[in-house]
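In our numbering, the protein residues as written are 700 to 977.
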């Protein structure tokens, strides 16, 4: 009988088995303005984000939505063979170019955005909407009530996690239902024309818990314009551009977190990644 080398036994019992599946990055794909985040551990199998739903002008809170939106076209520039990185380019009707580099790891997706105005005219692009669909993740898909998902959703108010519908909860606006929280320092005339909450969020996170409460899905941006609970089983952290002068370039970054249900752990990650929000 062949003898087993002592060193093999040492490593076998000293170090835990390696799970290569757990080390794989989340897989990204983009088609027809829908960004998909795939992962075996994701409840529902994937997260879909309408990327991007709209680029918007200021003065939007009480104005027809069609007058707020700046038409744009998005194209896929490149994608890595393992699905861990995408590059997109948006071209706005006013000539602004917005480049998106999107990278995934095992439990998050990072966004780096460069918005550039190559024209000789000031751009009114003030903010933009990535629309994150959370119906399948929360277990509130098409078979459930359209707004049942908000009972699994949260923001942070008064430095505490606040489940929706929060107290207070606004019900009046040009368009209903929904709920908007304007970011600190953002003019309340410049946000989504849905019911505007009187509270200012304590941080830039908006998210939800999975159907079995085992996981958290959350999104955030720096800088951000608003947090928004939408009407197609969606949650938004909408990033801020603030207009672009001729020749001006601005950098924006964001993240989507897919973590075990540990609110304190989420906050630590967020505070480390977005120290300016503190």
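Idealized CB from N, CA, C, for every residue including glycine.
Provide the residue span of the alpha helix (DSSP H) that contains residue i, from first to last.
i: residue 968; result: 962-972
i: residue 976; result: First-last for residue 976: undefined, no H or E at that position.
i: residue 767; result: 764-767
Does DSSP put residue i in a helix, in a strand, or in coil?
i: residue 924; result: strand
i: residue 729; result: strand
i: residue 773; result: strand
i: residue 911; result: coil
i: residue 722; result: helix
i: residue 887; result: coil
i: residue 955; result: strand
i: residue 710; result: Below a pLDDT of 50, predicted positions are generally treated as unreliable, and residue 710, at 41, falls in that range; the measurement from the model is reported next regardless. The answer is helix: DSSP assigns residue 710 an H, G or I state.
i: residue 905; result: strand
i: residue 949; result: strand
i: residue 862; result: strand
i: residue 790; result: strand
i: residue 917; result: strand
i: residue 736; result: strand
i: residue 759; result: coil
i: residue 779; result: coil
Just to confirm, does residue i get its C-beta within under 6 angstroms of one of the non-hydrogen atoms of the ligand NAD?
i: residue 818; result: As for the ligand NAD, it is missing from this structure, which has no ligand bound.
Measure how close the beta-carbons of residue i and residue j come, nearest whole angstrom, since I'm counting them as under 8 angstroms.
i: residue 827; j: residue 937; result: 6 angstroms
i: residue 918; j: residue 955; result: 5 angstroms
i: residue 830; j: residue 935; result: 6 angstroms
i: residue 802; j: residue 784; result: 5 angstroms
i: residue 832; j: residue 932; result: 6 angstroms
i: residue 793; j: residue 822; result: 5 angstroms
i: residue 907; j: residue 852; result: 4 angstroms
Determine the direct distance from the alpha carbon of residue j to that of residue i, and round the result to whole angstroms.
i: residue 927; j: residue 963; result: 22 angstroms
i: residue 939; j: residue 722; result: 33 angstroms
i: residue 825; j: residue 781; result: 34 angstroms
i: residue 865; j: residue 817; result: 42 angstroms
i: residue 899; j: residue 774; result: 35 angstroms
i: residue 904; j: residue 819; result: 36 angstroms
i: residue 966; j: residue 854; result: 12 angstroms
i: residue 741; j: residue 913; result: 10 angstroms
i: residue 811; j: residue 728; result: 16 angstroms
i: residue 799; j: residue 736; result: 16 angstroms
i: residue 892; j: residue 761; result: 6 angstroms
i: residue 749; j: residue 941; result: 21 angstroms
i: residue 842; j: residue 849; result: 15 angstroms
i: residue 845; j: residue 839; result: 8 angstroms
i: residue 867; j: residue 897; result: 7 angstroms
i: residue 925; j: residue 883; result: 9 angstroms
i: residue 877; j: residue 894; result: 6 angstroms
i: residue 889; j: residue 730; result: 30 angstroms
i: residue 862; j: residue 945; result: 42 angstroms
Can you tell me where the beta strand (DSSP E) holding residue i begins and where it ends?
i: residue 881; result: 878-881
i: residue 751; result: 745-755
i: residue 934; result: 933-939
Closest Cβ-Cβ distance between residue i and chain B: below 7 angstroms?
i: residue 838; result: Chain labels in this structure do not include chain B; a single protein chain is all it has.
So within the segment 792-860, which uninterrupted beta strand (DSSP E) runs reach at least 3 residues, ignoring any that extend past its ends? 796-803, 807-815, 826-832 and 852-856
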